[in-house]
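J.:
In the numbering used here, the protein residues as written are 53 to 325.
1. Which parts of the region 123-210 are runs of the alpha helix (DSSP H), unbroken and 4 residues or longer, counting only runs that do not cross its ends?
2. Below 8 Å on the Cβ atoms is my guess for residue 159 versus residue 255; work out the distance and round it to an integer in Å.
3. Return helix, strand or coil for residue 253, following the three-state DSSP convention.
4. Would you identify the three-state DSSP class for residue 241, choosing helix, strand or coil?
5. Assign residue 310 to one of two classes, buried (16 or more other C-beta atoms within 10 Å of its C-beta) or exposed (fewer than that).
6. Taking Cβ to Cβ, would you say residue 84 is nearer than 8 Å to residue 98?
7. Whose C-beta lies closer than 6 Å to the C-beta of residue 144 among residues of the same chain, with five residues either side of it excluded?
8. If you follow the beta strand (DSSP E) that residue 287 is in, where does it begin and where does it stop?
9. Could you please give the first and the last residue of the uninterrupted beta strand (DSSP E) stretch that includes residue 65?
10. Check whether the Cβ atoms of residue 164 and residue 257 lie closer than 8 Å to each other.
11. Considering Cα atoms alone, identify which of 92, 187, 204 and 260 is closest to residue 240.
12. Evaluate the contact criterion for the region 171-180 versus the region 269-286: three or more CB pairs, one atom per stretch, below 8 Å.
13. Quick one: what does DSSP say residue 248 is sitting in, helix, strand or coil?
14. Taking DSSP's pairing of strands, which residues face residue 73 in a bridge?
15. From the DSSP output, in three-state form, read off residue 302 for me.
16. Taking the beta carbon of residue 313 as the centre, do at least 16 other beta carbons fall within 10 Å, making it buried, or is it exposed?
17. Helix, strand or coil: which one does DSSP assign to residue 340?
18. Which of the three DSSP states, helix, strand or coil, is assigned to residue 56?
What follows is the structure, encoded as structure tokens:
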């Protein structure tokens, strides 16, 4: 079983494919398996690294560590990865965005999948305040992430996602009050921290959001992307908080187009011609 000793944990990871490195960081309640449709689609062109973040899947520890970026850099160093594409989904966006800001020389391009975590903008201030109000009213995270009629429209995938979710069934708080007790400080920090100026941020960035995402809502993602120079934003139709699993064909096409454009092998071929 491939693991890397990172601080006090043995972090589980998987590598598939050949080419430039592409690293995928799952969100809360997920595991490395969350990215299976992407690894399958990209493995002929990219060397795909997935892993179970601290406290998830086959990696021990307490989940949702604030040091996800440090663990990501440590894993890159462990595997000798000088530079990679970084893709974070939901809570996984915090790790990849922070690495991109603090170590831009290690990143070909950044993909923020249904997330803006790590980019402290006025939109994030507003969103965090609204979320804290919703938690106080008893609305849970689970209520915010499902697209309409997913169980009816794609029952097989809905069933599979439920089975995968059981891998972390003891990890995520199940009600609004326990969630707020555990993560409320993080939301209050996002609400109260002044916006940051990202005008000098130069890592090519793609923001992806689902049309019906009620967690990282489209206005939040658009408002954040507008603060990131040269960034792209793509809205996936008929998707909620999980385009990589809900609409893998559409999502993968967007992902591959963006990555191929910023692939150093592509630029090298263009220069040769």
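Where is the CB? At the ideal position from N, CA and C, for every residue including glycine.
T.: Considering the structure as presented:
1. 145-154, 174-188 and 202-205
2. 5 Å
3. coil
4. helix
5. buried
6. no
7. 77, 78 and 79
8. 284-288
9. 61-68
10. yes
11. 187
12. yes
13. coil
14. 99
15. helix
16. exposed
17. Since the first residue shown for the chain is 53 and the last is 325, residue 340 is missing from the structure and cannot be characterised.
18. strand
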